[in-house]
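First to last, the sequence lines map onto chains A and B.
Going letter by letter, the first sequence gives residues 1 to 714 in the numbering used here.
Going letter by letter, the second sequence gives residues 715 to 1428 in the numbering used here.
Below you'll find the structure, written out as structure tokens, and then a few comments.
There are 2 protein chains.
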Amino acid sequence: MTSDDAGKATVREILGKARAEGREALTGPEGKRICDAYGIPTPAEGLATTVDEAASLLMEIGAPVAMKIVSPDILHKTEAGGVIVGVDSEAAAKDAFEKIVASAKKYDPSANITGVQVQQMLGGGHEVIVGSVTDPTFGKVVAFGLGGVLVEVLKDVTFRLAPLDLAEARSMVDGIKSGEILRGARGSDPVDLDALADIIHRVGTLVTDFPEISEFDLNPVFATADGACAADIRILVETGEVTEPERPSQEEIMRVMDRMMNPRAVAVIGASSEEGKIGNSVMKNLQGGGYAGKIYPINPKATEILGYQAYPSISDVPGEVDVAVFTVPAKFVASSIAECGKKGVPAAVLIPSGFAETGNVELQEEVVETAKQHGVRLLGPNIYGYYYTPQNLCATFCTPYDVRGSVALTSQSGGIGMAILGYSRTTKMGVSAIVGLGNKSDIDEDDLLTFFEQDDNTQCVAMHLEDLKDGRAFVDTAKRMTKKKPVVVLKAGRTAMGARAASSHTGALAGDDKVYDDILRQAGVVRAPGLNEMLDYARALPLLPTPRGENVVIITGAGGSGVLLSDACVEAGLSLMDIPPDLDEAFRRYIPPFGAAGNPIDITGGEPPSTYESTIRLGLEDPRIDALILGYWHTIVTPPMVFAELTARVVEEARAKGIDKPVVASLAGDTEVEKASDYLFDHRIIAHPYTTERPVAALGAKYRWARSAGLITK
Amino acid sequence: MTSDDAGKATVREILGKARAEGREALTGPEGKRICDAYGIPTPAEGLATTVDEAASLLMEIGAPVAMKIVSPDILHKTEAGGVIVGVDSEAAAKDAFEKIVASAKKYDPSANITGVQVQQMLGGGHEVIVGSVTDPTFGKVVAFGLGGVLVEVLKDVTFRLAPLDLAEARSMVDGIKSGEILRGARGSDPVDLDALADIIHRVGTLVTDFPEISEFDLNPVFATADGACAADIRILVETGEVTEPERPSQEEIMRVMDRMMNPRAVAVIGASSEEGKIGNSVMKNLQGGGYAGKIYPINPKATEILGYQAYPSISDVPGEVDVAVFTVPAKFVASSIAECGKKGVPAAVLIPSGFAETGNVELQEEVVETAKQHGVRLLGPNIYGYYYTPQNLCATFCTPYDVRGSVALTSQSGGIGMAILGYSRTTKMGVSAIVGLGNKSDIDEDDLLTFFEQDDNTQCVAMHLEDLKDGRAFVDTAKRMTKKKPVVVLKAGRTAMGARAASSHTGALAGDDKVYDDILRQAGVVRAPGLNEMLDYARALPLLPTPRGENVVIITGAGGSGVLLSDACVEAGLSLMDIPPDLDEAFRRYIPPFGAAGNPIDITGGEPPSTYESTIRLGLEDPRIDALILGYWHTIVTPPMVFAELTARVVEEARAKGIDKPVVASLAGDTEVEKASDYLFDHRIIAHPYTTERPVAALGAKYRWARSAGLITK
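Structural data, given as structure tokens:
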């Protein structure tokens, strides 16, 4: 608790007054009172009405001080000769008081003079900025950066969601690129980093307690070895109404999502017997995909479709319906939604396009309003549908997909959804769900995360998104979820140019990418830099065991791959283990005398399978090693499939003994290494041919998640 | 010409004296004289021997000045009370002179006092660093960076090979990340950037003229709006001998390389009829690859191998031999090399390992020495051999490769060579040459570049390297070459961790990566961040036409891909064209009203082939557009192969009219998009499925090359 009730009351009063007066900006003294109320250090100051008071204030505050005229009639203090800085003794304070008052009287003989403000002069140490803005996606966001022009040029600033605890605040201080300066670069004194974290924390609490504070800036804050103090305060308030977005409870979300993902009965609104129609494709996919629940085609002109009895309207369906998949044109959606509501269908999947994405915002709003009135939640519109393999559910007009696995993928865009499907099929990626989100008129990423968090069939979630409707709800869910299961996010529109494309495409306001980046990391999300990486991570993460510690070891048959794998480790934020002498000795027993132990362990190119086998086994069995990266070099002595089989066998033997470490492999060789890579993948060893980067990047992603989930315990 | 002969004579004298005295460090006055001789501005100063001289020096130099005792007997000037700074008037100068002399006399009554130095005090503006080091790979390298602790922390410094012209020097000033500060960030005055470039240029000339200067530091240089001035000079000289590496002339290199790559006769030393032997594999590959020249197996125990007459020794071969491929064990190499020399064989390809890479440095040195004595140049040892497809030459123990094309690939590591082979085969990459460099005992990257520069069968070179034996020779050749043909380099060991692995692997001293990065760019080389990218660029660059201008346009069927493609453009340093109104209007004629013109041009997902066709044609035909990026979305209306065929047709129609712009494509869809991507690739449209990053990165690589070659002329 940063502030007591009295402090809160003070702030409430100040903000209330400003808002009542329609004032957007607070005055300096108001800002100082608010900082005082929340324990944010500001320069000591006092009002002197006599020369003696000025002198004793100087003694109290400590020299040097700045002295300034206080008069409601004098706005331009400096012009009036009303400011003297660097006052450094009692005598000087008395002298300054007299000079200031005399100058002020001379400047405006009729001025009403309240006194002279005596204020602590700050300086030394480093200038930093602490602030808060109201982000359209994330709400209250706290910012921290170094002050000064260089940092402004380099844009070295970091963001977190408010409120934040002291540890998170400290991670901001430690996280900026130029943070080394604060920690005492070049032998200078380190500043009091905890004092900075404390201010950040207090700012986060303040803006959370008072959402009507739209902007809050402490710039600069002077940070020294002894503490930190805000030299300048700027506060803006929202003069209009301050509202919070509506958020259904987790239970409400689950009640609908569970029925949508695990339906006992699916209705297809607009089902059709006619080839080429979307309503026909969806019916075929439901049937052909092997969905075992009830399927109700809804079509007023048919009595039977693909062998299923058809109904003129959803209200004619005899039993309960869990989800209605819409395949009718946009203009017919609203009325059918109302019928779904009356029937008690909790979820509607809106495949049709022709809504907001084509400029038809009104029609979409009508559908959303109707759905809200009738208690129906909406997926889409403008989507390919969704897949949920545990139910053999292919509620889509695309081709069916049936490789079961534990990753759930979602996409805001249909094109990306198609890429997910193609990549999944060609790499045999095991999937629990693929869900299109399209216009996100209602159900969005946090609803899906809430379901996948509780879904035992899903161990990893990968999401393509261009914006978040409610970033705060997403972060809340993701923060909880990522403690258990990794969440990979491909945030499109991450560059200025990309962001422009995003807004022309969906009308979505793509937030500043740095804000997204920091806050997604704060939520424990693993961000993928591109589509390729998102798909690679999605495929690899559920298969890779979670590492327990940071000690990564490279075992390679090609020295050249070893160097590139080391480069890739640095890129991926992995730590190459410093091999202790006994372990080095142990590895050396298996490799030729001219091979290089150390790390990478270069077993050299001409070695037989037994050398790979012995060194990999040692790497798995030594408890100090936490993860293995293998670099294979295609030779006649150890052909690709021989390597793949021996590696899979050794890894599986270790697993049988309870040793389950992440193992990834890069295979350099002729085309046979492709088959060998697939074989390894099938045995939960993440392997790629012709690249040293991709397997290491996947391991890096697993580590990023494991660290944020607190699972690196060694 | 930076310095005249008198200036050079001065520097020669100072350096000569220091080296004669065995001194590594020059004194301050020596440094100043050297700077004066090369026109590098330093603070104005003079020696005052009287109070009046001190006063007039102050007037001459301009206040404020610093004044310092000059006495051979007083080393610690400050301790002796011999330094006063901030002297700002004639009276103060006189006063300071007296005080300094008095203090000095008091400090050491016996001291011989030469006088008092009066020196201009610098300050204001920005502190920068200009320096030069002698890099083990590149020789004289010039460095530039901002001064101060923040920049030290952020390591914002840039390097170029010395000497450098004013434009290159200026590119350093403009190239640092925090350069905006010098250009006048936040409304401050821009500093005189040309004055900085001038100093950098002069430093480059100085260290080139005098290679015995091992280190040169101007730190800080004060840069203001009016000029720049070096406040502190530090110079180190090489006290030992200074030698330049030997460099064969381009003609000498070509004489050998041409015979090695286009041989009329190849001898295989150690050829064998026995399956599994390297000498057998090489014979089979030469024969099976279709090499049409003479093949001479050398084996004292055979009379015939694979149908070719065998000879006991190379000296027994009746005709001329252009290249001898060695497949004998390491210990037999030296004596055979001598025989090759006697026979007049200009090049030996040393496949065997067991040399420096296994610690057997002496044996390698013996071979190199023997080869040098006999005028034989060496490729390897420790390599897979080499391929040159225009001659159907597969002089290797690996599998043959016959897809002809115009990219030459080289690798320092055998493992990477195998990855090149596998990737090439599986992607049907058209190749002119694949060459292993291994231990680089003699022939290295610059020899190969010299050949490929003149080779009409090669239009692009891609090189994997861990170090450069002679970086300067490489840069000289690359600079010339990259004006005509792109050179892609994958520099392994680019991170600190990676560099450690490089030195354990080959004993190669991996230079600091930032030096490599800047200097490779200076040479016009396109650097690939990883193996995957090197291979992608190698495959794409020879096929992509060279863009004439910077206007890139994205045409996409999937808005989602459009956003990701825009992100990728920023990442790849591409500029999305600002579409002028008339062109926007023209595109709008073809796309649905809710589609988004602008850039990306979102034709929307449900469009028929004609929409893709019309917009792509317009993109090709409008002369303001320089390159196209296509985003395809798999739909039933426009299936993948329909898109691929129409795109190839439209592009080829344009080519027939003389319009040849680079076109790349990202295909999002089910697995059919793989075949469609291959089809497009076959028609010189760089296409990839399931990724928005790879096609754009390839286009970005082409642009990087085209810019450095000065081919972007619009």
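Heads up, the beta-carbon is just placed ideally off N, CA and C, and yes, glycines get one too.
Here the structure is a predicted model, which means the values were calculated and not measured.
Item: Under 7 Å from the C-beta of Gln412/A: neighbouring residues of chain B; Value: Gly1274
Item: 8 Å Cβ cutoff, Ser892/B in contact with chain A; Value: yes
Item: Residue-chain proximity (Asn1246/B, chain A), Cβ-Cβ < 8 Å; Value: yes
Item: Nearest-angstrom Cβ-Cβ length linking Leu723/A and Pro662/A, presumed shorter than 8 Å; Value: Here chain A has residues from 1 to 714 only, and residue 723/A is not among them.
Item: Simplified DSSP state of Thr713/A, which is helix, strand or coil; Value: coil
Item: C-beta neighbour in chain A for Glu1159/B, strict 8 Å; Value: no
Item: Beta-carbon neighbours of Asp1384/B, restricted to chain A and to distances below 8 Å; Value: Cys398, Thr399, Met418, Leu421, Gly422 and Arg425
Item: CA-to-CA distance, Lys1183/B to Ala751/B, given in whole angstroms; Value: 34 Å
Item: Where Glu13/A falls: helix, strand or coil (DSSP); Value: helix
Item: Bridge-paired residues (DSSP) for Trp1347/B; Value: Ala1382/B
Item: Rounded straight-line distance, which links the Cα of Thr953/B to that of Ile685/A; Value: 56 Å
Item: Contacts around His634/A, its chain only, beta-carbon distance under 8 Å, and the 5 residues preceding and following it disregarded; Value: Pro640, Leu667, Ala668, Gly669, Asp670, Glu672 and Val673
Item: Range covered by the alpha helix (DSSP H) that runs through Gly562/A; Value: Gly559 to Glu571
Item: Distance, Lys105/A Cα to Ala93/A Cα; Value: 18 Å
Item: Contacts of Phe745/A in chain B (Cβ-Cβ under 8 Å); Value: Past the edges of chain A, shown from 1 to 714, lies residue 745/A, and the structure says nothing about it.
Item: Neighbourhood of Leu509/A by C-beta, 8 Å cutoff - its chain only, sequence neighbours within 5 removed; Value: Low per-residue confidence applies at Leu509/A: pLDDT is 28, beneath 50, and the placement is therefore not dependable, though the value from the model is reported in the following sentence. Result list for Leu509/A: Pro136, Thr137, Asp467 and Ser503, in chain order.
Item: CB of Arg1235/B within 8 Å of CB of Thr1427/B, strictly; Value: no
Item: Rounded separation between Gly800/B and Val832/B - CA only; Value: 11 Å
Item: Cβ-Cβ distance between Phe873/B and Val887/B below 8 Å; Value: no
Item: Euclidean distance between Cα positions of Asp189/A and Ala223/A; Value: 11 Å
Item: Residues that Asn1208/B contacts on chain A, provided the C-beta gap is smaller than 8 Å; Value: Note that residue 1208/B is Arg in the sequence shown, not Asn. Correct list: Asp567.
Item: Under 8 Å from the C-beta of Phe1040/B: neighbouring residues of chain A; Value: Near Phe1040/B there are no residues of chain A at all, since even the closest Cβ is about 17 Å away, more than 8 Å.
Item: DSSP three-state assignment for Tyr690/A, whether helix, strand or coil; Value: coil
Item: Local Cβ density within 10 Å of Asp455/A, reported as buried at 16 or more and exposed below that; Value: buried
Item: Cβ-based burial, Gly1429/B [other Cβ within 10 Å; buried from 16]; Value: Given that chain B is displayed from residue 715 to residue 1428, the structure contains no residue 1429/B and the question cannot be resolved.
Item: Validate contact between the stretch 1116-1136 of chain B and the stretch 1033-1053 of chain B using beta carbons, cut 8 Å, 3 pairs; Value: no
Item: Outcome for Arg1118/B when other beta-carbon atoms lying within 10 angstroms are tallied against a minimum of 16; Value: exposed
Item: Those residues which DSSP pairs with Asp1030/B across a bridge; Value: Partner(s): none; Asp1030/B has no beta bridge.
Item: Closest by C-alpha distance to Ser588/A, when choosing among Leu618/A, Gly606/A and Asp194/A; Value: The question names Ser, but residue 588/A in the sequence shown is Arg. The shortest Cα separation from Arg588/A among Leu618/A, Gly606/A and Asp194/A belongs to Leu618/A.
Item: Closest Cα partner of Ala758/B within the set Thr741/B, Asp766/B and Pro778/B; Value: Pro778/B
Item: Exposed unless 16 or more other CB atoms sit within 10 angstroms - verdict on Gln1087/B; Value: exposed
Item: 9 Å Cβ cut-off: residues of chain B touching Glu357/A; Value: Gly1273, Phe1308 and Thr1318
Item: Residue-level contact to chain B via CB, Tyr690/A, 8 Å cutoff; Value: yes
Item: The stretch 621-652 of chain A: positions lying closer than 9 Å to chain B by Cβ; Value: Gly631, Tyr632, Trp633, His634, Thr635 and Ile636
Item: Residue environment, Gly721/B, which counts as buried when at least 16 other CB atoms sit within 10 Å; Value: buried
Item: Cβ of Glu674/A within 8 Å of any chain B Cβ; Value: yes
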